[in-house]
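Just below is one structure, and these are the notes that go with it.
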Amino acid sequence: MEDGPAHEEEEQVRLRSLYYIRRALADIQTSSGTPEALDDAMPGVLERKSLLTMTHLWDKRSWKRHRSLGRWWLFVRNWPSSSILKSIRPLINVLLLFTLLIIAVNRLAEHAGLGRPLQLPLAPLSLQAASIGLLVVFRNNQTHDRLKEAQRALGGLGPLGREIMQLLIVHVPPARARDVGHAARLLALYGWALKMQCRGEEQSLAPIAAILLPRAHGWLLQRENRPAAVLLRLRAVLGALRAHGALNSDAFKFIEERLAKLSAVDATCNRLATFPVPPSYHRHGSRALILWLGSLPFVMEGLNCHILQSLVSVACTAFLLLGIDHIAIEIEQPLDVLPLHVFAANMSTDVAAVLESWWLMPALPKWDEIEVQLGDESFKSQPQGDELLQEKGDEPPKEKAS
Numbered sequence: 225m226e227d228g229p230a231h232e233e234e235e236q237v238r239l240r241s242l243y244y245i246r247r248a249l250a251d252i253q254t255s256s257g258t259p260e261a262l263d264d265a266m267p268g269v270l271e272r273k274s275l276l277t278m279t280h281l282w283d284k285r286s287w288k289r290h291r292s293l294g295r296w297w298l299f300v301r302n303w304p305s306s307s308i309l310k311s312i313r314p315l316i317n318v319l320l321l322f323t324l325l326i327i328a329v330n331r332l333a334e335h336a337g338l339g340r341p342l343q344l345p346l347a348p349l350s351l352q353a354a355s356i357g358l359l360v361v362f363r364n365n366q367t368h369d370r371l372k373e374a375q376r377a378l379g380g381l382g383p384l385g386r387e388i389m390q391l392l393i394v395h396v397p398p399a400r401a402r403d404v405g406h407a408a409r410l411l412a413l414y415g416w417a418l419k420m421q422c423r424g425e426e427q428s429l430a431p432i433a434a435i436l437l438p439r440a441h442g443w444l445l446q447r448e449n450r451p452a453a454v455l456l457r458l459r460a461v462l463g464a465l466r467a468h469g470a471l472n473s474d475a476f477k478f479i480e481e482r483l484a485k486l487s488a489v490d491a492t493c494n495r496l497a498t499f500p501v502p503p504s505y506h507r508h509g510s511r512a513l514i515l516w517l518g519s520l521p522f523v524m525e526g527l528n529c530h531i532l533q534s535l536v537s538v539a540c541t542a543f544l545l546l547g548i549d550h551i552a553i554e555i556e557q558p559l560d561v562l563p564l565h566v567f568a569a570n571m572s573t574d575v576a577a578v579l580e581s582w583w584l585m586p587a588l589p590k591w592d593e594i595e596v597q598l599g600d601e602s603f604k605s606q607p608q609g610d611e612l613l614q615e616k617g618d619e620p621p622k623e624k625a626s
């Protein structure tokens with residue numbers, strides 16, 4: 225008889241815990257379906273969305289297509305619609321017109337008996353080629369390092385959010401499940417706040433924040449650095465749990481270490497957005513390319529090349545060099561070419577997956593039971609869980625008055 229009231233009180237605590245977990249899960253799933261969360265615009269990517277582009281995270285199918293021999297035919301077939309070609313085509317056209325002008329002037333001068341005045345020897349161009357190649361490669365390496373740094377930082381969002389959620393939901397007692405649900409909302413919101421700050425889409429965060437933080441979204445939207453504000457509120461939740469003894473010191477330490485990594489992701493994105501590769505590299509490299517490509521028609525005339533030989537040589541050389549330069553420009557700001565919406569959505573999905581897994585996870589076997597088949601006792605088999613989440617205004621189960 226003495227165990228009856230205690231068991232009933234324990235059941236009430238469990239039901240309230242499941243209610244808050246399910247409510248947080250439902251709101252995270254709702255926020256992921258908003259138009260702002262589904263917006264996958266990428267301002268720095270000119271190529272159309274397809275399997276072999278940076279507009280999405282690659283899977284096995286993408287890598288298989290990337291390594292297949294058919295890629296050569298694919299590259300040739302899609303050459304006219306290449307995003308790089310579209311970007312540098314005006315410059316190539318200018319060089320071809322300049323080449324035609326040089327040829328026309330030389331032909332007129334030849335007709336007048338003056339020879340070919342507009343020509344240059346090949347030696348200077350050959351001597352400059354190594355220096356220009358070194359400058360272009362050095363700049364491309366710098367921009368590629370920025371891309372790798374952004375990939376490394378943003379790629380950890382989902383795992384960090386998943387680890388923090390797992391530690392919280394396991395180590396915090398059921399009586400504080402409301403705080404766990406609050407932390408889950410904040411973790412799901414962090415990726416969206418980071419993505420929209422990097423893209424300058426501050427207004428797009430409002431609908432998502434209104435769903436996940438109905439009481440504090442106004443405060444959040446007034447903050448200049450919203451990812452940092454999300455982490456501040458998350459640390460306040462953890463601090464309250466630690467102060468009330470609901471989170472042991474080891475779990476608190478591990479979670480704080482992962483929050484520090486999330487803060488480092490924000491710092492990395494801010495640095496990449498505000499510190500470019502020194503512009504002098506770009507200016508000097510561009511001027512060197514202009515001089516070198518501009519001298520090429522004069523050299524071709526000095527070699528007595530046919531007009532078609534000159535045009536084809538200038539066009540191919542310009543496509544190669546200007547294309548390399550354009551790639552460096554495109555990836556110099558990696559936050560515009562990486563699929564930030566996928567990283568943010570994955571972080572939200574990973575947090576929701578932890579909540580759903582906890583909700584459906586079979587009960588652990590008791591230490592005093594000899595033969596227990598895992599899965600026989602499951603939260604999923606208890607009908608009270610699904611009945612807890614009714615309409616939006618429903619209240620959690622009330623604790624029985626003592």
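Each residue of the sequence shown is one higher than the one before, counting from 225 in the working numbering.
The beta-carbon is built from N, C-alpha and C at its ideal position, and this holds for glycine as well.
Quick caveat, the model's predicted, so the values are computed rather than measured.
N- and C-terminal bounds of the alpha helix (DSSP H) containing residue i
| i | result |
| --- | --- |
| residue 474 | 473–498 |
| residue 297 | 294–301 |
| residue 530 | From DSSP, residue 530 is part of no alpha helix (DSSP H); its letter is neither H nor E. |
| residue 286 | 284–291 |
| residue 394 | 381–395 |
| residue 421 | 401–422 |
| residue 456 | 450–467 |
Residue i vs residue j beta-carbon contact at 9 Å
| i | j | result |
| --- | --- | --- |
| residue 501 | residue 349 | no |
| residue 437 | residue 558 | no |
| residue 393 | residue 579 | yes |
| residue 552 | residue 364 | yes |
| residue 346 | residue 517 | no |
| residue 634 | residue 281 | In the structure as shown, the chain begins at 225 and stops at 626. Residue 634 is therefore absent and cannot be evaluated. |
| residue 391 | residue 454 | no |
| residue 356 | residue 342 | no |
| residue 445 | residue 433 | yes |
| residue 569 | residue 256 | yes |
| residue 431 | residue 573 | no |
| residue 400 | residue 465 | yes |
| residue 450 | residue 426 | yes |
| residue 324 | residue 535 | yes |
Simplified DSSP assignment, three categories, for residue i
| i | result |
| --- | --- |
| residue 438 | coil |
| residue 596 | Its pLDDT being 48, under 50, residue 596 is placed unreliably in this model, and the value from its coordinates should be taken loosely. Note: residue 596 maps to coil in three-state DSSP. |
| residue 586 | strand |
| residue 375 | helix |
| residue 549 | helix |
| residue 517 | helix |
| residue 309 | helix |
| residue 266 | coil |
| residue 361 | helix |
| residue 341 | coil |
| residue 571 | helix |
| residue 502 | coil |
| residue 561 | coil |
| residue 616 | Bear in mind that the predicted position of residue 616 carries a pLDDT of just 42, short of 50, making it unreliable; the figure below should be weighed with that in mind. The answer is coil: DSSP assigns residue 616 none of H, G, I, E or B. |
| residue 447 | coil |
| residue 281 | coil |
Heavy atom of the ligand SAH within 8 Å of residue i beta-carbon
| i | result |
| --- | --- |
| residue 409 | Only the bare structure without any ligand can be found here, which leaves the ligand SAH out of the picture. |
Item to check | At least 3 beta-carbon pairs within less than 8 Å: the segment 345–365 vs the segment 506–525 | outcome: Per the Cβ contact rule, the segment 345–365 is in contact with the segment 506–525 (3 or more Cβ pairs under 8 Å).
Checklist entry - If we count Cβ pairs, one from each stretch, closer than 8 Å, do we get three or more for the segment 537–556 versus the segment 245–254? => result no
Checklist entry - Are three or more beta carbon pairs between the segment 408–423 and the segment 480–494 nearer than 8 Å? => result Segments in contact, yes.
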